[in-house]
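In what follows, a single structure is set out as structure tokens and then discussed.
Protein chains: 2
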Amino acid sequence: MKKLSIKDIARMAGVAPSTVSLVLNGKAKDRRISDSLAEKIKKIAKESGYNPNQVAVSLRTGTSKLFGLIIEDISNLFFARLAKAIEDEVIQYGYRVIFGSTENDTNKGNELLNVLFQRKLDGYIIAPTAGMEKSVADLVGYNYPTVLIDRYFPQQQIPYAMTDNLGGGAEVLEYLLQKGYTNIGLVTSDFPVMHPQQREAAYRSTLALHNIPYRPEYIYKVPYQSLQDEAEFLIAAFIENTPALDAIFFTTNYLGIAGLQGIKRLGLRIPDDIAVICFDDHDIFKLHTPAITVVEQDIEAIAKNAIDLLMKQFGQEKEAVMQSHVLLKGRLIERESA
Amino acid sequence: MKKLSIKDIARMAGVAPSTVSLVLNGKAKDRRISDSLAEKIKKIAKESGYNPNQVAVSLRTGTSKLFGLIIEDISNLFFARLAKAIEDEVIQYGYRVIFGSTENDTNKGNELLNVLFQRKLDGYIIAPTAGMEKSVADLVGYNYPTVLIDRYFPQQQIPYAMTDNLGGGAEVLEYLLQKGYTNIGLVTSDFPVMHPQQREAAYRSTLALHNIPYRPEYIYKVPYQSLQDEAEFLIAAFIENTPALDAIFFTTNYLGIAGLQGIKRLGLRIPDDIAVICFDDHDIFKLHTPAITVVEQDIEAIAKNAIDLLMKQFGQEKEAVMQSHVLLKGRLIERESA
DNA sequence: CTGAAAGCGCTTACAG
DNA sequence: CTGAAAGCGCTTACAG
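Residue numbers (the UniProt record's numbering), protein chains in the order written: chain B, 1 to 338; chain R, 1 to 338.
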């Protein structure tokens, strides 16, 4: 079957291609094309199954109705949900999404951004890795609407939407302290990325605020090359060797799961008086134990605010938008059991 | 900052645009362009940060190096992993992916396919919903390379790669029977989709093969509109009211989780002599209980085979490929504890 | 060895 | 009311 072009439709209708274009783009009225002719053209287009070639439209008009989405890893449930939320959000504005994963690798991230950049998309939604500062700045320099998600570049004026790690971490600590725990452990990662670092900072500053001495031996940093099995073992060993702890703050989902698994593996008790706390999705933790408190990120809100910051860049207030950002509160979900 | 076109580079190098194009596309040798000139052009292109506009390339050459990926729901872990595996796979061939979710809605699926079709992508990877038969057939009629994943259309000659539900279901049943269980329950969904239906068929035929009478009261179909909470309760009630069961075959991940949650909620015992079996990812089940056997889909293999079937359509053997498909065996993982 | 020209399929001033 | 022409940024025969 041969693909039909606008010329074919024009020939079939006995008019010029431009007339077909006008009619199909709803500009018949403006150009005072007769209703009868417009109807005829629409009918022919429809019956012949004509489908405009968006590549040509894109080249001609300079807009693609396509956004580029760069995330860390689509197979990670957090990013998968975020991608979905973003897809749902942009679809309302008539946009689609091209995506790719950086796997937290600077080269992959930059290469991916370059590929998407070559496609001249209408906008970019990026969860950047460290080392993408320059290429993202270039993108913004070329005036492409751009928004960061889940992370940001402190040195640059690029709008972003993400969960408030400092606020969330503080909230968790305040909650634990209010419950009466004072020997609160921290399990975090030494992976050089913003989230665990900010959450650790919140841990420290909140303890300081309450004049609780900082105890290095209450902190365990899982080496970031650790495999799941190793992490489970290491965390369990830390917990076993630090019996004074009455609560633990896990800074990420992954660590929380590994910790719970490790506790189970080594046959350690999950006593009621160890509150396990972490960010992200909590369903998986509920499956494991009800004795858990969670700060859940509001993924829909991240998506909604990010797209909002992106869409506003098409308007007048671009200047103002570029300076703004959204820090979202996580939702603290108390543990189920007493 | 202004975007540079090939004309700009040509002007800067003092040559014609066509020469720049030739050099940048590695055809300098063929056209016997002098090495020194080629080097000079490359240098200018690089230093000026020239980036070819892929939209123009795509319009001119008719190829985009882009595949369209249509799945059910990117926030579903199975599809998220499949999407990642596909991304990893196509990247090796120099392709990228545009994606969208159907949410198992015929209209959404068809509309999504149409949008992607307008983009004249180089190929399409589709987990179709019922009702997409015609639009997918049209796509194939236009000679676009196309492969189905996770599902297929029995009436059509379109290649597909998916897990063997019948074989997998039979394997599970054989395993349970061999363990000595004979009162095996089935928990499935009445959602009118291929997977649970095929798995149920495997349950019935395997029982028949072993001359075990079919007992309708051992089968429970969860109404597909059920919310998570309702499903948990309904399944738990079924298990409670059918004490004769010594094993249960859950036909999907979702049902298995709901079942385990329900058992926990109602305080039912998870005795060793109930083997819980289901498809898909099993990490989440291990968290819950070690007393579980799982058939895990080989997501990487689905992706690899699907892309293989797709890439082959660019070659000579197109005819043969269109008639072929790959049915993958699930991996049976026995439960950990005795 | 290199350049001028045509054309991919559209849209949009411009002219009548 | 409607059409002819230019042009988006490339690539690729074609001509020299």
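We treat Cβ as the ideally placed atom computed from N, Cα and C, and that holds for glycine.
Bear in mind that the values here come from a model prediction, so they are computed numbers and not experimental data.
Endpoints, the beta strand (DSSP E) within which SER189 (chain R) is located = As a position in the second sequence, residue 189 (chain R) is number 189, starting the count at 1. Taken as a continuous stretch (DSSP letters only), the beta strand (DSSP E) holding SER189 (chain R) covers 184–189.
query = What whole-angstrom Cβ distance do ILE74 (chain B) and SER101 (chain B) have, given they're in contact under 8 angstroms?
reply = Residue 74 (chain B) sits at position 74 when you count from the first residue of the first sequence. Residue 101 (chain B) sits at position 101 when you count from the first residue of the first sequence. With a beta-carbon spacing of about 5 angstroms, ILE74 (chain B) and SER101 (chain B) fall inside the 8 angstroms limit used to define contacts.
request  = Within its chain, find whatever has a CB closer than 7 angstroms to the CB of GLU39 (chain B); leave out the 5 residues flanking it on each side and keep chain order.
outcome  = Reading the first sequence from its first residue, position 39 is the one you call residue 39 (chain B). Cβ neighbours of GLU39 (chain B) beyond the five flanking positions: none.
query = Between the stretch 226–234 of chain R and the stretch 158–178 of chain R, are three or more C-beta pairs nearer than 8 angstroms?
reply = no
query = If you draw a straight line from the C-alpha of VAL276 (chain B) to the C-alpha of GLU200 (chain B), how long is it?
reply = Numbered from 1 along the first sequence, position 276 holds the residue referred to as residue 276 (chain B). Numbered from 1 along the first sequence, position 200 holds the residue referred to as residue 200 (chain B). If you draw a straight line from the Cα of VAL276 (chain B) to the Cα of GLU200 (chain B), it is about 15 angstroms long.
query = So with Cβ pairs under 8 angstroms, would you call SER75 (chain B) a contact of chain R?
reply = Mapped onto the first sequence, residue 75 (chain B) falls at position 75. Judged by the 8 angstroms Cβ criterion, SER75 (chain B) is in contact with chain R.
Contact set between LEU255 (chain R) and chain B, taken where Cβ atoms lie within less than 9 angstroms = Your numbering for residue 255 (chain R) matches position 255 in the second sequence. Chain B residues near LEU255 (chain R): none, gap ~14 angstroms exceeds 9 angstroms.
message = Run through chain B and tell me which residues come within less than 7 angstroms of GLN54 (chain R), C-beta to C-beta.
response = Position 54 of the second sequence holds residue 54 (chain R). The contacting residues are GLN118 and ARG119.
message = With a threshold of 8 angstroms between beta-carbons, can PHE233 (chain B) be considered close to chain R, or not?
response = For the purposes of this step, residue 233 (chain B) is taken as residue 233 along the first sequence, with counting starting at 1. So no, PHE233 (chain B) is outside the interface.
message = So, with DSSP's three-state summary, where would you put PHE250 (chain B)?
response = Locating residue 250 (chain B) in the first sequence gives position 250, counting from the first residue. Looking at PHE250 (chain B) - three-state DSSP - the assignment turns out to be strand.
task = Quick one: list the residues of chain B neighbouring residue 343 (chain R), beta-carbon separation under 9 angstroms, in chain order.
result = Past the edges of chain R, shown from 1 to 338, lies residue 343 (chain R), and the structure says nothing about it.
ask   = List, in order along the chain, the chain B residues whose C-beta lies closer than 8 angstroms to that of ASN51 (chain R)?
value = Within the second sequence, residue 51 (chain R) is the residue found at index 51, counting from 1. Going along chain B in sequence order, the residues near ASN51 (chain R) (Cβ under 8 angstroms) are ASN114, PHE117 and GLN118.
message = Tell me whether the stretch 184–195 of chain R and the stretch 321–332 of chain R touch, counting them as touching only if at least three CB pairs, one residue from each stretch, are closer than 8 angstroms.
response = Counting Cβ pairs under 8 angstroms, fewer than three are found: no touch.
query = Taking a cut of 7 angstroms between CB atoms, which residues from the UniProt domain "HTH lacI-type" (4–61) of chain R lie near chain B?
reply = Legend: CB atoms of the UniProt domain "HTH lacI-type" (4–61) of chain R lying less than 7 angstroms from CB atoms of chain B belong to residues ASN51, PRO52, ASN53, GLN54, VAL55, ALA56, SER58 and LEU59.
query = Mind checking GLY14 (chain B): buried by the 16 CB within 10 Å criterion, or exposed?
reply = The residue you call residue 14 (chain B) lines up with position 14 of the first sequence. The residue in question, GLY14 (chain B), is exposed, as its Cβ has fewer than 16 Cβ neighbours within 10 Å.
ask   = For ALA338 (chain B), does the three-state DSSP call read helix, strand or coil?
value = Taking the first sequence and counting its residues from 1, one reaches residue 338 (chain B) at position 338. Per-residue confidence for ALA338 (chain B) stands at a pLDDT of 38, beneath the threshold of 50, marking its modelled position as unreliable; the derived number appears in the next sentence. Coil.
message = Just to confirm the assignment, what range does the alpha helix (DSSP H) spanning TYR160 (chain B) have?
response = Locating residue 160 (chain B) in the first sequence gives position 160, where the first residue counts as 1. Note, TYR160 (chain B): premise wrong, no alpha helix (DSSP H); beta strand (DSSP E) at 160–163.
ask   = If you follow the beta strand (DSSP E) that THR293 (chain B) is part of, which residue opens it and which one closes it?
value = As a working mapping, residue 293 (chain B) is identified with position 293 in the first sequence. Start and end: 292–296.
query = For ALA127 (chain B) and chain R, any beta-carbon pair shorter than 8 angstroms?
reply = On the first sequence, residue 127 (chain B) is found 127 positions in, with the first residue counted as 1. Cβ-Cβ to chain R under 8 angstroms: no for ALA127 (chain B).
message = Under 8 angstroms, Cβ to Cβ, is there at least one residue of chain R near SER337 (chain B)?
response = By one-based count along the first sequence, residue 337 (chain B) stands at place 337. Its pLDDT being 48, under 50, SER337 (chain B) is placed unreliably by the model, and the measurement read from it follows with that caveat. No - not a single Cβ of chain R is within 8 angstroms of the one on SER337 (chain B).
ask   = Would you say the stretch 112–120 of chain B touches the stretch 134–151 of chain B, given that touching needs at least three Cβ pairs under 8 angstroms?
value = yes
key: Proximity below 8 angstroms, CB of ASP280 (chain R) to CB of GLU300 (chain R)   = As a first step, residue 280 (chain R) must be located in the second sequence, where it is residue number 280. As a first step, residue 300 (chain R) must be located in the second sequence, where it is residue number 300. In this structure, ASP280 (chain R) lies away from GLU300 (chain R), with their beta-carbon atoms at least 8 angstroms apart.
Close Cβ partners of LYS65 (chain B) (< 7 angstroms) along its chain, the five nearest in sequence each way excluded = By one-based count along the first sequence, residue 65 (chain B) stands at place 65. Around LYS65 (chain B), the same chain offers GLY94, TYR95, ARG96 and ASP122 as residues with beta carbons nearer than 7 angstroms, after the five sequence neighbours per side are excluded.
request  = Determine, using beta-carbon pairs with one atom in the stretch 141–148 of chain B and one in the stretch 170–181 of chain B, whether at least three such pairs fall under 8 angstroms.
outcome  = When Cβ pairs closer than 8 angstroms are counted between the two stretches, the stretch 141–148 of chain B is seen not to touch the stretch 170–181 of chain B, the count staying below three.
key: Reduced DSSP category for ALA275 (chain R) - H, G, I as helix; E, B as strand; rest coil   = Looking up residue 275 (chain R) in the second sequence gives position 275. In this structure, ALA275 (chain R) counts as strand in the three-state DSSP scheme.
ask   = Are the C-beta atoms of LYS304 (chain R) and some chain B residue less than 8 angstroms apart?
value = Reading the second sequence from its first residue, position 304 is the one you call residue 304 (chain R). Output row for LYS304 (chain R): interface = no.
message = Quick check: THR129 (chain R) and THR163 (chain R), are their CB atoms within less than 8 angstroms of each other?
response = Position 129 of the second sequence, counting from 1, holds the residue named residue 129 (chain R). Position 163 of the second sequence, counting from 1, holds the residue named residue 163 (chain R). No, Cβ-Cβ distance for THR129 (chain R) and THR163 (chain R) is not below 8 angstroms.
inquiry  = In this structure, how does DSSP classify LYS3 (chain R) when only helix, strand and coil are distinguished?
reply    = Position 3 of the second sequence, counted from the first residue, corresponds to residue 3 (chain R). LYS3 (chain R) falls in the coil class under three-state DSSP.
task = Let me know the alpha helix (DSSP H) ranges lying completely inside the UniProt domain "HTH lacI-type" (4–61) of chain R, each 4 residues or longer, listed in chain order.
result = 6–13, 17–24, 35–48 and 54–61
task = Alpha carbon to alpha carbon, how far is SER58 (chain R) from ASP298 (chain B)? Give it in angstroms, no decimals.
result = For this step, residue 298 (chain B) is matched to residue 298 along the first sequence. For this step, residue 58 (chain R) is matched to residue 58 along the second sequence. Using only the alpha carbons, I get a separation of about 39 angstroms.
ask   = What does LYS84 (chain R) touch in chain B if you count any residue whose Cβ is under 8 angstroms from its own?
value = Mapped onto the second sequence, residue 84 (chain R) falls at position 84. By Cβ distance, chain B contributes ASP73, ILE74, SER75 and SER101.
inquiry  = If I follow the unbroken beta strand (DSSP E) through ILE239 (chain R), where does it start and stop?
reply    = For the purposes of this step, residue 239 (chain R) is taken as the residue at position 239 of the second sequence. For ILE239 (chain R), there is no enclosing beta strand (DSSP E); the residue is part of the alpha helix (DSSP H) that begins and ends at 228–241.
message = Is the separation between the beta-carbon of LEU77 (chain R) and that of ALA80 (chain B) shorter than 8 angstroms?
response = As a position in the second sequence, residue 77 (chain R) is number 77, starting the count at 1. As a position in the first sequence, residue 80 (chain B) is number 80, starting the count at 1. Their beta carbons are under 8 angstroms apart, which means LEU77 (chain R) touches ALA80 (chain B) by this criterion.
task = Could you tell me whether the Cβ of ALA236 (chain R) comes closer than 8 angstroms to any Cβ of chain B?
result = Here residue 236 (chain R) corresponds to residue number 236 of the second sequence, with the count starting at 1. No, its Cβ sits nowhere closer than 8 angstroms to a Cβ of chain B.
key: Residue-chain proximity (TYR220 (chain R), chain B), Cβ-Cβ < 8 angstroms   = Stepping through the second sequence from its first residue, residue 220 (chain R) is reached at position 220. No, because no Cβ of chain B sits closer than 8 angstroms to the Cβ of TYR220 (chain R).
task = Compare the C-beta of ALA244 (chain B) with all C-beta atoms of chain R and state if any pair is closer than 8 angstroms.
result = Looking up residue 244 (chain B) in the first sequence gives position 244. With 8 angstroms as the cut-off, ALA244 (chain B) does not count as an interface residue toward chain R.
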